[in-house]
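First residue of the sequence shown? That's 1 in UniProt numbering, and the numbers climb one at a time after it. Cβ atoms here follow ideal geometry from the backbone N, Cα and C, with glycine treated the same way. What follows is one structure encoded as structure tokens, with my remarks underneath.
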Amino acid sequence: MNPFSTLGIRHDIVNAITDLGFETPTPIQEQAIPVLLSGSNDFVGLAQTGTGKTAAFGLPLLELLDFNQNHPQALVLCPTRELCLQITKDINNYAKNIKNANVVAVYGGASIMDQLRAIRKGVQIVVATPGRMLDILNRKAIDFSEVRFVVLDEADEMLNMGFQEDIDSILSTTPEDKKTWLFSATMPMEVRRIAKKYMTDPHELTMGTKNTGNVNIDHEYYVVRARDKYAAFKRIVDFNPEIFGIVFCRTKIETQEIAEALIKDGYNADSLHGDLSQQQRDKVMKRYRERSLQLLIATDVAARGIDVNDVTHVINYSLPDEIENYTHRSGRTARAGKTGVSIAIINSKELGKIRQIERVIGKQFTKAEIPNGFDVCEKQLFALVHKVHNVEVNEEQIEQYIPRIMDEFKDLSKEDIIKRFASLEFNRFLEYYQNAPDLNAGDERGFERTGDRFPRNGGKSEYTRLFMNLGSVDDFTRGDMLGFICSQGKISGKAVGKIDLKGVYTFFEVENAVADQVQQAFKSVDYQGRKVRIELAGDRGMESSGGNRGERSFGGGGSFRGDRRSGGDRRDSGGGFRDFSGKRREDRSGGDRKKKW
Ligand code: AMP
């Protein structure tokens with residue numbers, strides 16, 4: 001017997017949810033369904049999103065309502081439009097074998113006329129956000145006098161968003177003897193208070209210990225210096241080539257800025273925040289759901305109710321102001337029994353906040369280290385190898401090219417070919433990361449440590465870092481660049497430190513004593529008709545976003561780039577880097593292509 005039948009769910013509904021892949025009830029379903037099916041209790045369920053709570057209340061509703069009657073019998077209130085649409089869709093799916101079942105979604109930002117029309121046609125279950133619901137009630141366009149069940153979903157979120165008064169007004173139009181079922185991820189005092197206000201002797205169910213986050217989520221934090229935060233974030237992303245993540249920022253502006261910097265740096269990212277129109281938000285969400293976006297950069301408010309499965313990482317680029325929000329953020333990963341990682345990138349002053357969050361979620365964070373450049377390269381290399389190994393080959397289409405391809409490769413051994421394929425992506429990462437600094441902030445006393453495999457120049461800098469507007473796309477190798485700096489800057493090679501050659505520009509270090517001289521000397525230098533520009537790089541990280549200098553650093557995990565990017569609408573970092581492959585370097589090592597300036 002299907003375990004859902006054992007819980008008391010009837011055959012046609014069980015069939016519908018079996019089609020959705022629900023084979024065994026989740027813990028909350030197992031415990032809540034029998035209680036709710038009795039229809040005689042108020043109910044409080046402390047459960048995260050992603051635990052299967054929609055079915056936990058949705059299935060009993062379908063059992064308890066009379067679908068021969070076409071008036072509102074159940075009202076589900078939830079905080080956001082996204083969640084409202086999701087719940088409506090879910091209940092419709094469960095109800096697909098029930099004749100005459102009508103579920104209507106009522107939410108802001110869409111035509112009220114369409115919603116009024118749907119209501120007039122007859123409805124048993126209304127799923128609504130409070131603002132629009134109240135609007136419709138004020139128009140006297142719906143009658144809740146026969147509502148038997150009210151579900152308050154994500155009650156803590158609704159309170160956070162200031163819906164308390166709206167909820168009061170809405171509930172005052174429903175009968176005294178209706179049953180109220182409240183679900184909340186957390187149980188702050190305010191939620192306790194509304195539970196007390198609206199319910200009598202509710203049956204309480206807590207999944208896990210109170211206020212505990214989902215056990216399938218690993219919580220990690222990284223301590224970095226404030227100025228390295230963006231670089232550290234990118235490195236975490238690069239270290240996780242298959243990342244499908246939501247990145248939380250504190251403000252709309254920060255969200256927009258991070259998304260723009262990422263896009264500029266060639267990552268497959270976009271932002272979701274309140275300044276976007278509903279249409280723009282829908283578009284972003286659609287792309288994210290379809291996985292044509294890899295990183296969604298969002299504010300707390302905009303990301304509420306997002307229900308996307310298989311989110312691998314939640315990244316707290318900034319910690320939330322309200323500790324409670326951390327639970328909501330991290331709950332976007334590890335849904336439906338999957339595992340996930342919730343990452344916080346903090347500075348050492350924020351450690352106290354991590355400890356506070358630990359107390360709230362009842363779980364400890366692991367302190368993690370920002371991976372060094374070598375580790376990132378290795379990770380990317382094997383992700384590529386894995387991808388090549390598993391790629392689906394379209395035999396029919398490729399067939400016609402095989403003879404020519406074989407011919408091109410005829411002088412190469414299998415090993416040589418493999419090396420070359422691997423190098424296509426790997427070289428770009430090596431190039432980028434070979435001098436990558438250690439981004440982990442020192443211990444709490446603020447010491448800076450050096451990376452183990454790519455050490456910086458001793459602790460104190462005797463070097464000045466300069467920026468030059470020429471890079472690998474101008475056909476420079478690092479060796480070429482060293483020669484160029486020495487000959488044009490009129491200094492010896494010994495005075496030059498690290499050279500970080502990028503696509504369209506280069507960072508390089510020279511001894512402090514000669515820094516002015518080099519800048520002066522370059523004032524009169526042209527390169528192929530272009531004025532060579534040298535600037536103090538200040539404390540810009542070697543990996544900083546590049547901003548208006550048009551840095552074209554790569555990023556965004558090999559596997560998503562190229563094949564999953566959204567294409568035309570964004571600047572592609574590909575060109576310069578992709579062309580700058582191992583092959584070109586080998587050409588140079590042939591010897592006779594000495595640069596002339
Ligand atoms: P929810 O907490 O209701 O947002 O559910 C999270 C996800 O788990 C949704 O994608 C559901 O479709 C899925 N889900 C819920 N219950 C089950 C179940 N018993 N078996 C498999 N998946 C489920």
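Residue i vs residue j beta-carbon contact at 8 Å
i, j, result
"Ala521", "Gly489", "yes"
"Leu384", "Glu350", "no"
"Ala302", "His328", "no"
"Ser277", "Gln256", "no"
"Val514", "Tyr433", "no"
"Arg81", "Tyr107", "yes"
"Pro34", "Gly8", "yes"
"Leu77", "Met1", "no"
"Tyr222", "Ala231", "no"
"Gly352", "Lys179", "no"
"Ala519", "Ile534", "For clarity, residue 519 is Gln in the given sequence; the question names Ala instead. Contact: yes."
"Ala55", "Ile125", "no"
"Ile485", "Phe508", "yes"
"Ile297", "Ala259", "yes"
"Glu431", "Leu501", "yes"
"Gly52", "Ile28", "yes"
"Arg281", "Ile306", "no"
"Thr312", "Cys249", "no"
"Phe421", "Val388", "yes"
"Arg304", "Glu157", "yes"
"Tyr326", "Ile357", "yes"
Rounded C-alpha distance that separates residue i from residue j
i, j, result
"Glu322", "Met187", "14 Å"
"Ser487", "Phe429", "29 Å"
"Trp181", "Ala95", "20 Å"
"residue 615", "Ser330", "Residue 615 is absent from the model: the chain starts at 1 and stops at 597."
"Phe67", "Asn102", "8 Å"
"Gly529", "Leu262", "32 Å"
"Gly162", "Phe244", "31 Å"
"Glu415", "Arg465", "40 Å"
"Asn70", "Ser145", "13 Å"
"Leu20", "Val191", "32 Å"
"Leu412", "Pro3", "59 Å"
"Val504", "Phe476", "10 Å"
"Lys494", "Gln380", "33 Å"
"Ala155", "Asp168", "13 Å"
"Glu408", "Val510", "44 Å"
"Ile17", "Ala537", "59 Å"
"His219", "Asn469", "41 Å"
"Ala32", "Val308", "23 Å"
"Gly109", "Asp275", "13 Å"
"Pro79", "Glu392", "42 Å"
"Thr24", "Asn15", "13 Å"
"Pro44", "Glu204", "The question names Pro, but residue 44 is Val in the sequence shown. Answer to the nearest angstrom: the Cα atoms are 5 Å apart."
"Ser111", "Val127", "16 Å"
"Val150", "Asp143", "14 Å"
"Leu116", "Ile136", "8 Å"
"Asp526", "Asn512", "24 Å"
"Lys286", "Met113", "24 Å"
Integer-rounded CB distance, given that residue j should sit under 8 Å from residue i
i, j, result
"Leu295", "Val247", "6 Å"
"Thr129", "Val147", "That belief does not hold up - the Cβ atoms of Thr129 and Val147 are roughly 17 Å apart, past 8 Å."
"Asn440", "Lys498", "Rounded, the Cβ-Cβ distance is 19 Å, inconsistent with contact."
"Ala185", "Asn347", "About 27 Å; that fails the 8 Å criterion."
"Val123", "Pro60", "With a Cβ gap of about 18 Å, Val123 and Pro60 do not count as contacting."
"Thr206", "Leu46", "4 Å"
"Asp104", "Ile119", "Before going on, a small fix: residue 104 reads as Val here, not Asp. 6 Å between Cβ atoms; contact."
"Leu62", "Ile98", "6 Å"
"Lys229", "Ile370", "That belief does not hold up - the Cβ atoms of Lys229 and Ile370 are roughly 10 Å apart, past 8 Å."
"Asn372", "Asp480", "Between Asp480 and Asn372 the Cβ distance is about 27 Å, and since that is not below 8 Å, they are no contact."
Residue-chain proximity (residue i, chain D), Cβ-Cβ < 8 Å
i, result
"Ile354", "Reference to chain D is not applicable here, since this structure consists of a single protein chain."
TODO: Count the CB pairs spanning the region 260 to 273 and the region 325 to 338 that are closer than 8 Å, and state whether there are at least three.
DONE: With the cut-off at 8 Å, the region 260 to 273 and the region 325 to 338 do not touch.
Open item on the list: Taking 8 Å as the cut-off, does the region 400 to 408 touch the region 341 to 357 (at least 3 CB pairs, one atom from each stretch)?
Closed with: Touching, no, given that fewer than three Cβ pairs across the two stretches are closer than 8 Å.
- [ ] Would you be able to state if there are at least three C-beta pairs under 8 Å between the region 281 to 299 and the region 190 to 198?
- [x] Segments in contact, no.
Open item on the list: Using a Cβ distance threshold of 8 Å, determine whether the region 234 to 243 contacts the region 360 to 367, with at least three qualifying pairs required.
Closed with: By the Cβ test, the region 234 to 243 is not in contact with the region 360 to 367, since fewer than three Cβ pairs between them sit closer than 8 Å.
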